[in-house]
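Enquirer: Please find one structure pasted underneath; my questions will follow.
Protein chains: 2
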Amino acid sequence: MAASIKDVAARAGVSVKTVSNVVNGYQFVAAGTREKVQRALDELGYRPNLSARRLRGGRTGLIALAVPEIRVPYFAELAAQFVQLAKEYGWTVLIDETQGALDNEREVVEGIKSHLIDGLIVSPLALTAKHIEARRDRTPLVLLGERLTHAPVDHVSIDNVAGAQAAVAHLADLGRTRIAAIGSQPHISGGTAALRLKGYRQALRRARLAYDPALVMPVTRFHRADGARAMQALLDLEQPPDAVFCFNDLMALGAIRTLLARGCRVPQDVAVIGFDDIEEGQFSTPTLSTVAPDKEQIARLALRLVHQRIGARDDAQPQEETADFRLVVRESTAPAG
Amino acid sequence: MAASIKDVAARAGVSVKTVSNVVNGYQFVAAGTREKVQRALDELGYRPNLSARRLRGGRTGLIALAVPEIRVPYFAELAAQFVQLAKEYGWTVLIDETQGALDNEREVVEGIKSHLIDGLIVSPLALTAKHIEARRDRTPLVLLGERLTHAPVDHVSIDNVAGAQAAVAHLADLGRTRIAAIGSQPHISGGTAALRLKGYRQALRRARLAYDPALVMPVTRFHRADGARAMQALLDLEQPPDAVFCFNDLMALGAIRTLLARGCRVPQDVAVIGFDDIEEGQFSTPTLSTVAPDKEQIARLALRLVHQRIGARDDAQPQEETADFRLVVRESTAPAG
Numbered sequence: 001m002a003a004s005i006k007d008v009a010a011r012a013g014v015s016v017k018t019v020s021n022v023v024n025g026y027q028f029v030a031a032g033t034r035e036k037v038q039r040a041l042d043e044l045g046y047r048p049n050l051s052a053r054r055l056r057g058g059r060t061g062l063i064a065l066a067v068p069e070i071r072v073p074y075f076a077e078l079a080a081q082f083v084q085l086a087k088e089y090g091w092t093v094l095i096d097e098t099q100g101a102l103d104n105e106r107e108v109v110e111g112i113k114s115h116l117i118d119g120l121i122v123s124p125l126a127l128t129a130k131h132i133e134a135r136r137d138r139t140p141l142v143l144l145g146e147r148l149t150h151a152p153v154d155h156v157s158i159d160n161v162a163g164a165q166a167a168v169a170h171l172a173d174l175g176r177t178r179i180a181a182i183g184s185q186p187h188i189s190g191g192t193a194a195l196r197l198k199g200y201r202q203a204l205r206r207a208r209l210a211y212d213p214a215l216v217m218p219v220t221r222f223h224r225a226d227g228a229r230a231m232q233a234l235l236d237l238e239q240p241p242d243a244v245f246c247f248n249d250l251m252a253l254g255a256i257r258t259l260l261a262r263g264c265r266v267p268q269d270v271a272v273i274g275f276d277d278i279e280e281g282q283f284s285t286p287t288l289s290t291v292a293p294d295k296e297q298i299a300r301l302a303l304r305l306v307h308q309r310i311g312a313r314d315d316a317q318p319q320e321e322t323a324d325f326r327l328v329v330r331e332s333t334a335p336a337g
Numbered sequence: 001m002a003a004s005i006k007d008v009a010a011r012a013g014v015s016v017k018t019v020s021n022v023v024n025g026y027q028f029v030a031a032g033t034r035e036k037v038q039r040a041l042d043e044l045g046y047r048p049n050l051s052a053r054r055l056r057g058g059r060t061g062l063i064a065l066a067v068p069e070i071r072v073p074y075f076a077e078l079a080a081q082f083v084q085l086a087k088e089y090g091w092t093v094l095i096d097e098t099q100g101a102l103d104n105e106r107e108v109v110e111g112i113k114s115h116l117i118d119g120l121i122v123s124p125l126a127l128t129a130k131h132i133e134a135r136r137d138r139t140p141l142v143l144l145g146e147r148l149t150h151a152p153v154d155h156v157s158i159d160n161v162a163g164a165q166a167a168v169a170h171l172a173d174l175g176r177t178r179i180a181a182i183g184s185q186p187h188i189s190g191g192t193a194a195l196r197l198k199g200y201r202q203a204l205r206r207a208r209l210a211y212d213p214a215l216v217m218p219v220t221r222f223h224r225a226d227g228a229r230a231m232q233a234l235l236d237l238e239q240p241p242d243a244v245f246c247f248n249d250l251m252a253l254g255a256i257r258t259l260l261a262r263g264c265r266v267p268q269d270v271a272v273i274g275f276d277d278i279e280e281g282q283f284s285t286p287t288l289s290t291v292a293p294d295k296e297q298i299a300r301l302a303l304r305l306v307h308q309r310i311g312a313r314d315d316a317q318p319q320e321e322t323a324d325f326r327l328v329v330r331e332s333t334a335p336a337g
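Chains as they are written, first to last, in the numbering used here: chain E, 1 to 337; chain Z, 1 to 337.
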């Protein structure tokens with residue numbers, strides 16, 4: 001016969017209420033007690049009935065994190081932070097890949113899976129504020145990133161304009177004068193690319209460098225191959241750049257591959273800086289300078305917002321949080337030489 | 001009032017049974033019909049009651065894929081294949097990171113989430129056959145990788161001994177004679193490292209090269225930093241190697257970083273080959289030779305096994321499937337020069 005919650009309580013020597021608290025993932029259970037209960041749960045093979053708990057107003061302890069592409073290292077590294085930090089709330093994070101497709105993103109925020117999920121954290125590429133406003137599902141939702149900065153929903157982002165400015169100012173400070181940008185997305189209004197382009201232009205202006213549209217390379221995606229291809233086009237210009245700001249590290253690593261394959265020295269001939277601070281850039285040759293968003297802080301802020309929202313009234317004001325970033329200078333940027 | 005399945009059928013102009021088929025993710029619904037139904041579902045905001053469906057013997061359409069580390073590119077790329085191919089079954093894949101910890105892996109296979117999940121695909125690092133045999137949960141389970149090759153459960157892997165042999169034979173064919181190995185895990189019995197070490201030793205024997213234990217570097221994990229560190233130690237030997245077989249690409253990329261930073265040319269001074277064929281190796285300088293498991297085939301085989309198992313009797317014989325691999329030669333391996 002299946003073990004009941006009473007059996008578990010008896011085995012652990014605690015009250016049924018305490019077992020229930022552990023099973024429901026409440027935070028304020030002493031670590032020792034939690035362990036004792038967990039051992040009893042394991043030994044007896046107790047399986048809480050999640051549906052029943054949900055009906056009673058209980059929680060499943062599951063949080064869904066929806067990201068566009070799990071094979072993009074920035075999202076993989078961010079997801080790993082969420083998995084790690086969610087343990088502090090007793091939550092398990094399940095990762096859902098949307099491929100940035102509107103249908104998938106709508107399915108997530110419309111809560112097709114909301115019987116199962118206590119909270120949603122979504123990094124959207126296609127959703128609009130309209131979709132958020134029309135949302136019927138009431139599962140607590142927190143958005144990440146730059147796609148939807150004015151939707152009526154909790155939100156965590158970094159200051160992308162300032163981050164891009166810092167990258168380009170660094171290149172200008174090194175004496176670079178023809179600074180290219182890889183990653184514009186003129187077909188998309190708003191979002192990451194538009195903000196980083198804005199920061200790029202502001203930094204050029206402050207450094208009194210001319211803005212040359214020929215040095216701004218559009219891409220469809222932010223992958224290595226896009227960066228490699230864009231760099232080919234930049235090297236084919238009559239006046240190639242002496243520095244490149246790539247809107248993410250992955251494109252920067254693709255651009256460096258093209259530069260080295262075509263006999264250009266990095267950073268001597270062309271300095272390269274990315275954005276994201278993925279681990280790969282610490283082991284590339286040259287190592288990659290970058291703008292590093294504080295991924296741990298992003299995860300921490302988003303989880304706290306979900307936690308607050310779970311306990312909040314439906315009409316509680318949406319919160320807007322901004323995580324930090326820092327400039328990380330490595331081998332790929334240096335004065336011309 | 002919430003829309004009923006009848007409302008959806010009326011709006012789509014199809015039978016209730018057809019709506020139910022679409023909602024339950026059956027495969028054999030014509031694409032046009034599926035679209036019509038989907039549109040009606042969307043427009044009416046119909047939300048199937050997953051728990052009720054489960055009770056009726058229905059399905060949630062959710063498959064969980066548990067991998068040790070989502071930020072390890074091999075797993076991220078494999079997960080992306082699963083997400084993509086699962087659509088053919090109408091399934092959504094949720095990714096669960098276990099960090100290779102026994103407790104997490106047990107929680108997954110013991111079905112803590114089995115109310116929610118139609119099938120489990122797990123790539124274990126710590127589980128033993130004993131845990132599988134003691135399993136009470138009946139959610140269909142498929143294992144990936146080399147950790148548990150003789151447990152009574154469906155399983156997909158590649159021939160790791162043959163893969164490692166191919167890598168090392170390639171280095172020997174190039175005329176390399178002091179071939180090192182990075183990635184042994186003497187503290188772990190069985191599993192990936194043991195099999196790749198076995199293939200390494202067999203290939204040395206066939207090439208009539210002496211086995212030198214000093215050239216075999218143990219690691220705790222398969223990360224870039226482990227490869228970089230092991231390469232330091234190899235270069236500090238009185239007789240450094242002229243080639244290195246790393247048990248995965250990530251360690252190979254770390255090893256290349258160390259080699260270049262210490263002024264060694266790759267491949268002229270030291271040839272390097274990895275295992276996994278992650279995208280990063282196509283854009284590194286030099287690009288990385290590797291053994292490429294067919295990730296798409298792994299995902300395809302595992303999903304087919306889950307699908308079969310969902311419809312199978314409990315006592316159906318466990319299936320064992322082997323996916324292909326191939327040797328991919330890029331810039332990091334060439335004759336000494």
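Backbone N, C-alpha and C fix where the C-beta goes; we use that ideal spot for every residue, glycine too.
1. Between P152/Z and chain E, is any beta-carbon pair separated by less than 9 angstroms?
2. Could you list the residues in the segment 211-225 of chain E with a C-beta less than 9 angstroms from some C-beta on chain Z, going in chain order?
3. So H307/Z is in the alpha helix (DSSP H); what residue range does that whole segment cover?
4. Taking A126/Z as the reference, give the member of A180/Z, P140/Z, P68/Z and W91/Z with the closest Cα.
5. Does chain E have any CB closer than 9 angstroms to the CB of R257/Z?
6. Our contact map puts E110/Z next to R136/Z with C-beta atoms below 8 angstroms; I'd like the distance itself, whole angstroms only.
7. Taking Cβ to Cβ, would you say M251/Z is nearer than 9 angstroms to G183/Z?
8. For T177/E and P152/E, I'd like the C-alpha separation in whole angstroms.
9. Could you tell me which residues DSSP puts in a beta bridge with S157/Z?
10. Looking only at C-alpha atoms, which of V83/E, A225/E and T322/E sits nearest to E279/Z?
11. To the nearest angstrom, report how far apart T333/E and I273/E are at their CA atoms.
12. Which chain E residues sit within Cβ distance under 9 angstroms of D96/Z?
13. How about I179/E and L204/E: are their beta carbons less than 9 angstroms apart?
14. Grab me the residues of Q38/E's own chain with a C-beta within less than 8 angstroms of its C-beta, minus the 5 sequence neighbours each way, in chain order.
15. In terms of DSSP beta bridges, what is I179/Z paired with?
16. For my contact list, V270/E and A243/E are in at a C-beta cut-off of 8 angstroms; report their separation, rounded to the angstrom.
17. Taking Cβ-Cβ distances shorter than 8 angstroms, what residues in chain E pair up with R71/Z?
18. Check S20/E in the structure and name its three-state DSSP category.
19. Would Q297/E count as contacting chain Z if we go by Cβ distances under 9 angstroms?
20. Alpha carbon to alpha carbon, how far is F75/Z from L260/Z?
21. Is it buried or exposed, R313/Z, if we count other Cβ atoms within 10 angstroms and call 16 or more buried?
22. Could you check if L62/E is buried or exposed, using at least 16 other CB atoms within 10 Å of its CB as the buried criterion?
23. Short check: CB of L141/E to CB of V156/E, under 9 angstroms?
24. Just list the alpha helix (DSSP H) runs in the segment 242-294 of chain Z, keeping only unbroken ones of 4 residues or longer that don't cross its boundaries, in chain order.
25. Give every residue of the same chain whose Cβ lies closer than 6 angstroms to the Cβ of G13/E, excluding the five residues on either side of it in the sequence, and list them in chain order.
26. Go through its chain and collect everything with a Cβ distance to P240/E's Cβ below 7 angstroms, but skip five positions before and after it.
27. From V291/E, V306/E and D324/E, pick the residue whose C-alpha is nearest to that of A166/E; which is it?
28. What did DSSP end up calling A66/E once you bin it into helix, strand or coil?
29. Drop a sphere of 10 angstroms on the beta-carbon of A342/Z, count the other beta-carbons inside from all chains shown, and report buried for 16 or more, exposed for fewer.
30. Relative to the C-alpha of D159/E, which candidate in I132/E, L288/E and T192/E has its C-alpha closest?
31. Quick check: is the beta carbon of R56/E nearer than 9 angstroms to any beta carbon in chain Z?
32. When burial is assigned at 16 or more other CB atoms within 10 Å of the CB, is L237/E buried or exposed?
33. Does chain Z have any CB closer than 9 angstroms to the CB of T33/E?
34. Measure the C-alpha to C-alpha separation of H367/Z and P186/Z and round it to an integer number of angstroms.
35. Looking only at DSSP bridge pairs, what is P335/E linked to?
36. Relative to the alpha-carbon of L78/Z, which residue among A336/Z, G311/Z and R300/Z has its alpha-carbon at the smallest distance?
Expert: By the coordinates alone:
1. As a first step, residue 152/Z must be located in the second sequence, where it is residue number 152. By this cut-off, P152/Z is not an interface position.
2. H223, R224 and A225
3. Sequence index remark: in the second sequence, residue 307/Z carries index 307 (1-based). Element bounds for H307/Z: K295 to G311.
4. The residue labelled residue 126/Z in the question sits at position 126 within the second sequence. When only C-alpha atoms are compared, the closest one is P68/Z.
5. On the second sequence, residue 257/Z is found 257 positions in, with the first residue counted as 1. Closer than 9 angstroms: yes.
6. For the purposes of this step, residue 110/Z is identified with residue 110 of the second sequence, where counting begins at 1. For the purposes of this step, residue 136/Z is identified with residue 136 of the second sequence, where counting begins at 1. Yes, E110/Z and R136/Z are in contact; Cβ-Cβ is about 7 angstroms, under 8 angstroms.
7. Along the second sequence, read from residue 1 onward, the residue named residue 251/Z stands at position 251. Along the second sequence, read from residue 1 onward, the residue named residue 183/Z stands at position 183. Cβ atoms of M251/Z and G183/Z: closer than 9 angstroms.
8. As a working mapping, residue 177/E is identified with position 177 in the first sequence. As a working mapping, residue 152/E is identified with position 152 in the first sequence. One C-alpha to the other measures close to 42 angstroms.
9. In the second sequence, the residue the question calls residue 157/Z occupies position 157. Answer is T322/Z, bridged to S157/Z.
10. Stepping through the second sequence from its first residue, residue 279/Z is reached at position 279. Of the listed residues, the one whose Cα sits closest to E279/Z is A225/E.
11. Taking the first sequence and counting its residues from 1, the one referred to as residue 333/E is at position 333. Taking the first sequence and counting its residues from 1, the one referred to as residue 273/E is at position 273. Cα to Cα, the separation comes out at about 7 angstroms.
12. Locating residue 96/Z in the second sequence gives position 96, where the first residue counts as 1. Within chain E, the residues near D96/Z are V83, T92, V93, L94 and I95.
13. For the purposes of this step, residue 179/E is taken as the residue at position 179 of the first sequence. For the purposes of this step, residue 204/E is taken as the residue at position 204 of the first sequence. Cβ atoms of I179/E and L204/E: closer than 9 angstroms.
14. If you number the first sequence from 1, residue 38/E lands on position 38. V22.
15. For the purposes of this step, residue 179/Z is taken as the residue at position 179 of the second sequence. Its beta-bridge partners are A243/Z.
16. Residue numbering aside, residue 270/E sits at position 270 when the first sequence is read from its first letter. Residue numbering aside, residue 243/E sits at position 243 when the first sequence is read from its first letter. About 6 angstroms; that satisfies the 8 angstroms criterion.
17. The residue labelled residue 71/Z in the question sits at position 71 within the second sequence. Per Cβ cutoff of 8 angstroms: P73, A76, E77, A79, A80 and E279.
18. What you label residue 20/E is simply residue 20 of the first sequence in a count that begins at 1. Helix.
19. Sequence index remark: in the first sequence, residue 297/E carries index 297 (1-based). Answer no: the Cβ-Cβ gap between Q297/E and chain Z never drops below 9 angstroms.
20. In the second sequence, the residue the question calls residue 75/Z occupies position 75. In the second sequence, the residue the question calls residue 260/Z occupies position 260. Going from the Cα of F75/Z to the Cα of L260/Z covers about 27 angstroms.
21. One-based indexing of the second sequence puts residue 313/Z at position 313. The residue is exposed, with fewer than 16 neighbouring Cβ atoms inside 10 Å.
22. The residue given as residue 62/E occupies position 62 in the first sequence. Label assigned to L62/E: buried.
23. For the purposes of this step, residue 141/E is taken as the residue at position 141 of the first sequence. For the purposes of this step, residue 156/E is taken as the residue at position 156 of the first sequence. Against a cut-off of 9 angstroms, the Cβ pair of V156/E and L141/E comes out as no contact.
24. 249-261
25. On the first sequence, residue 13/E is found 13 positions in, with the first residue counted as 1. The answer is none, since no qualifying residue turns up.
26. For the purposes of this step, residue 240/E is taken as the residue at position 240 of the first sequence. Contacts found: L234.
27. Here the question's residue 166/E lines up with position 166 in the first sequence. The shortest Cα separation from A166/E among V291/E, V306/E and D324/E belongs to V291/E.
28. Counted from its first residue, the first sequence places residue 66/E at position 66. Three-state result, A66/E: strand.
29. Nothing in the structure corresponds to residue 342/Z, since chain Z is present only between 1 and 337.
30. Locating residue 159/E in the first sequence gives position 159, where the first residue counts as 1. Ranking I132/E, L288/E and T192/E by Cα distance to D159/E puts T192/E first.
31. Your numbering for residue 56/E matches position 56 in the first sequence. Its pLDDT being 41, under 50, R56/E is placed unreliably by the model, and the measurement read from it follows with that caveat. Closer than 9 angstroms: no.
32. Counting from one through the first sequence, the residue named residue 237/E turns up at place 237. With fewer than 16 Cβ atoms within 10 Å of its Cβ, L237/E is classed as exposed.
33. Residue numbering aside, residue 33/E sits at position 33 when the first sequence is read from its first letter. It does not: the Cβ of T33/E has no partner Cβ on chain Z nearer than 9 angstroms.
34. Beyond the ends of chain Z as shown, which are 1 and 337, falls residue 367/Z; an answer cannot be given.
35. Counting from 1 along the first sequence, the entry for residue 335/E is found at position 335. Beta-bridge pairing links P335/E to no other residue.
36. Within the second sequence, numbered from 1, the residue matching residue 78/Z stands at position 78. Checked all of A336/Z, G311/Z and R300/Z; the closest Cα to L78/Z is R300/Z.
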